[in-house]
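Enquirer: Structure provided below as structure tokens; questions to follow.
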Ligand code: ATP
Ligand code: MG
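Numbering (this note's numbering), first residue to last: 171 to 650.
In structure tokens:
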């Protein structure tokens, strides 16, 4: 298709997408018209409209100052957020919409710390040129008549048609001003399935170490968006190949090991990417961040545990234990919530257990422990373990999946007989204290754990059995 025809087609698609939001745009446009201010839809909103994937989160830019914006929208909005006001952003809730209205920016970068000093600008063009990528630097004028002129001084439409991420100015300058933009490139590679321009790639390779200057929270937010995108493997590959991974997630690139035909072990890095792809294919309720993180990181303990055995083979003993610890350390450094850290590292810790049992040789006790240790993570563990089978040998793959089918059947059978979700001792702390005649303290915990072990081993007990077991344990420790 000739360029002009393609552009026209994209713009028509965008106009259709924007028209769905015409009522809210007209109302907001008339408020700005009346006050004599300019208003533009901008950034991700224009990009997404062109790609036909516009959400009700809309980004705007204006010449009006934040206080003026607040005043204009105060009677119209359902809610106004001021958390971003320091950076010139007023958040507005209106029905299902979340609107972010930001005053034109014209930042100057302090060349020592490179922290942006927020300065407001007077012209749209100055605002657009300081954005991260040209595809994010297009604008649509909004007035009382609704969405109007399309403004693209930096060639964003051509980049979008070519599905390329390029910076408005020289990438070295742009990334020097805000190194996070490099990581945003990897995020958009995943989200939009775009490629980076060659000059952007080169600049990232050169400047990746500058990501050190970015706070863990900002890094993690982009990593999550990357992982949740449509093509996280492409984003991760860009990260690892350019050296960004070395700074933000060194363990992932660390899984690239020489492929050694004699020892038949696959490149662990490529294997992990395949597992991630396969885990995504098993998702049944939208993108699952915990599952995706666990799939990416499940083997990060392998390089550190690799041993060449006397028989010529290679082993990775306890790589799941080492891996779970490494996951904790990395995700904590990235300031993830305790819940995220616990969940992802527990999945990594458990991902191998299925293979520890011969095919079908699961005792009731082993099934109970598996379910209890996974807790609410069990559905994700099922997906992770199934995804972790990347052998090209079709018979072997089918055998593994069938074996996992049997494990799931065993879980279902046992769950029909006892409440597997709540495997706990048959006596509680109070009963333990009463039976042993001891006050609250560490001994009660020990007794409780002993009973829990028995409970996992044997299944439900009657109250008399549990009492007898408790007393005999107590005596075996030299008590009366
Ligand atoms: P999404 O909201 O779908 O995650 P987005 O493109 O809207 O994607 P935001 O982080 O919401 O991304 O940012 C909104 C817009 O602000 C971007 O489209 C871009 O124009 C600009 N922007 C955001 N972060 C930066 C940055 N670090 N440097 C330069 N411009 C940025
Ligand atoms: Mg946005």
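All C-beta atoms, glycine included, are put in the ideal place defined by N, C-alpha and C.
#1: Helix, strand or coil: which one does DSSP assign to residue 432?
#2: From residue 202 to residue 276, what distance separates their C-alpha atoms?
#3: Roughly how many angstroms lie between the CA atoms of residue 370 and residue 413, to the nearest whole one?
#4: When we look at the beta-carbon of residue 182 and count the other beta-carbons within 10 Å, is it buried (16 or more) or exposed?
#5: Could you tell me which of 344, 259, 267, 327 sits nearest to residue 300, measuring between CA atoms?
#6: Go ahead and pull the three-state DSSP assignment for residue 339.
#7: Regarding residue 342 and ligand 1, is the C-beta to nearest heavy atom distance less than 8 Å?
#8: Residue range of the alpha helix (DSSP H) that residue 463 falls in?
#9: According to DSSP, is residue 546 helix, strand or coil?
#10: Any residue with its C-beta under 6 Å from a non-hydrogen atom of ligand 2 counts. Can you list them all in chain order?
#11: To the nearest angstrom, how far is the alpha carbon of residue 179 from that of residue 309?
#12: In this structure, how does DSSP classify residue 209 when only helix, strand and coil are distinguished?
#13: So, at 6 Å on beta carbons, what are the nonlocal neighbours of residue 386 in its own chain, with the 5 sequence-adjacent residues on each side left out?
#14: For residue 578, is the classification buried or exposed, using 16 other Cβ atoms within 10 angstroms of its Cβ as the cut-off for buried?
#15: Starting from residue 371, trace the alpha helix (DSSP H) in both directions and tell me its first and last residue.
#16: Which partner residues does residue 270 have in the DSSP bridge list?
#17: Considering only residues of the stretch 378-417, which uninterrupted alpha helix (DSSP H) runs meet the minimum length of 4 residues and lie entirely inside it, listed in chain order?
#18: Let me check one thing: in DSSP terms, what residues is residue 485 bridge-paired to?
#19: How about residue 336: is its Cβ closer than 8 Å to a heavy atom in ligand 1?
#20: At the level of alpha carbons, what is the spacing between residue 522 and residue 574?
#21: I'd like to confirm the pairing. Which residues does DSSP put opposite residue 253 in its beta bridges?
#22: Whole angstroms are fine: how far does the CA of residue 580 sit from the CA of residue 636?
#23: Using 9 Å as the threshold, is the C-beta distance between residue 339 and residue 408 below it?
#24: Any chance the CB of residue 218 is under 8 Å from a heavy atom of ligand 1?
#25: Based on DSSP bridge pairs, tell me the residues matched to residue 606.
Expert: The short version:
#1: Any reading at residue 432 must be qualified, since the residue scores a pLDDT of 47, below 50, and its modelled position is unreliable; the value itself is stated next. DSSP places residue 432 in coil when its eight states are reduced to three.
#2: 21 Å
#3: 13 Å
#4: exposed
#5: 344
#6: coil
#7: no
#8: 459-467
#9: helix
#10: 214, 227, 229
#11: 17 Å
#12: strand
#13: 504, 505, listed in sequence order.
#14: exposed
#15: 368-377
#16: 229, 261
#17: 386-398, 402-412
#18: 477
#19: no
#20: A straight line joining the alpha-carbon of residue 522 with that of residue 574 spans about 12 Å.
#21: None, per the DSSP bridge assignment.
#22: If I take the Cα positions, the gap works out to 25 Å.
#23: no
#24: Relative to ligand 1, the beta carbon of residue 218 is positioned inside 8 Å of a heavy atom.
#25: In the DSSP output, where bridge partners are listed per residue, residue 606 has none listed.
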